[in-house]
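These notes are about the structure you will find just below.
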Ligand code: PXL
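Numbering (our numbering), first residue to last: -4 to 271.
If you want it as C-alpha cells, here you go:
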C-alpha cells in the first residue's frame, strides 16, 4: 500500500487569528468571585484575552471583607501606560477604583483613547455590605470619569445614590442618569427580591429605553454578579456586538452562571466554566 504522509493534527499557528483583547481596571478580590478575577473569568469564557490594571487588593470571602489597600497612583499609571501602548485593546471596563487620586490617573490616560469603548461599573461597596469609597470619590467619578463612558452599569442602590432619587423605577433612574451624563446607562434591578423576574433597563442619552428580562433564579445571593455582567458586556463589545445584543447575551451568560453555581458549605460562587 502506498504511504501517504499525514498532516499532524496539532493546530498550527499559521492561520489562527489572535483573540480580541479587553482591559479591566479593577480591584483584586481574594475570593475571586468579584473584581478583577471575575472579569478575567468572564473574558476568558468569551475567548477574550483579558488584561488587568489592578487598583488595589481586598482580603475577603463572599461573606466578609477583612481589609483592603489601594495601589499608588504611579503604579496604576504605569500599568495603564504600558498596556495601552502595547496591545490592540478593543474595550475597557472599570470596577472598584478606591479613591479620587486613582480616578484622576485613569481619566488622564483614557482621555487619550476616546475610540475605545469604556464600560463603567460604579462599584462603591461589597455585596457583603462594606463601603470602600467616600463622597470625594463619588464626586470625582461623576464629574471626571462619567464623561468618558460608553456605558455605565449601576445597580438600583447605586443608581439611587448617583441620582439623589429614592424612586425604585429602573426606567426613571436610567433615563435621568443617561440624560445627565449623556451616555448609555443600564440600571440593574437584579437585587430587588420583590420581582419574579431579573429586570434591567437601558436608556440611551436621548431617552430611548430597552428592557432586559429573564426569570429570577431563587437561591443564594452570589458575590460578583455585577462584575460578571459588566465584564461579559465588555467582552461582547470587544467582539464587535452592538450594545443591545451585547447586554442581552451578557445577561444570559450571567443567568447561566447563577443557575449552575458552585457551593462549598455556606460559600457560593458563580459558575463561569463553559463547555466550548
Ligand atoms: O462586588 C463588588 C466588588 C468589586 N471589586 C472588588 C470587590 C468587590 C466586592 O467585594 O472586592 C475587588
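Where a beta carbon is used, it is the ideal one built from N, C-alpha and C, also for glycine. Fair warning: this is a prediction, and the values are worked out from it, not measured in the lab.
Limits of the beta strand (DSSP E) - the one that residue i falls within
i	result
residue 85	84 to 89
residue 19	16 to 24
residue 62	60 to 65
Local conformation of residue i per DSSP, three classes
i	result
residue 117	coil
residue 192	strand
residue 96	helix
residue 110	coil
residue 248	helix
residue 267	coil
residue 9	coil
Nearest-angstrom Cβ-Cβ length linking residue i and residue j, presumed shorter than 8 Å
i	j	result
residue 244	residue 236	7 Å
residue 174	residue 200	7 Å
residue 222	residue 90	6 Å
residue 17	residue 85	6 Å
residue 22	residue 53	6 Å
residue 55	residue 25	6 Å
residue 45	residue 35	5 Å
residue 256	residue 217	6 Å
residue 19	residue 88	5 Å
Bridge-paired residues (DSSP) for residue i
i	result
residue 262	259
residue 126	120
N-terminal and C-terminal residue of the alpha helix (DSSP H) that residue i is part of
i	result
residue 278	Given a span of -4 to 271 for the chain in the structure shown, any question on residue 278 remains unanswerable.
residue 68	68 to 81
**Study point:** alpha helix (DSSP H) runs wholly inside the region 141 to 165, at least 4 long, in chain order
**Key:** 151 to 158
Exercise for review: Tell me the start and end of each unbroken alpha helix (DSSP H) in the region 28 to 57 that is at least 4 residues and wholly inside, in chain order.
Suggested key: Complete alpha helix (DSSP H) runs here, min 4: 30 to 40.
Exercise for review: Go through the region 177 to 245 residue by residue and report every complete run of the alpha helix (DSSP H) that reaches 4 residues or more, in order.
Suggested key: As far as the region 177 to 245 is concerned, its whole alpha helix (DSSP H) runs of at least 4 residues are 220 to 233.
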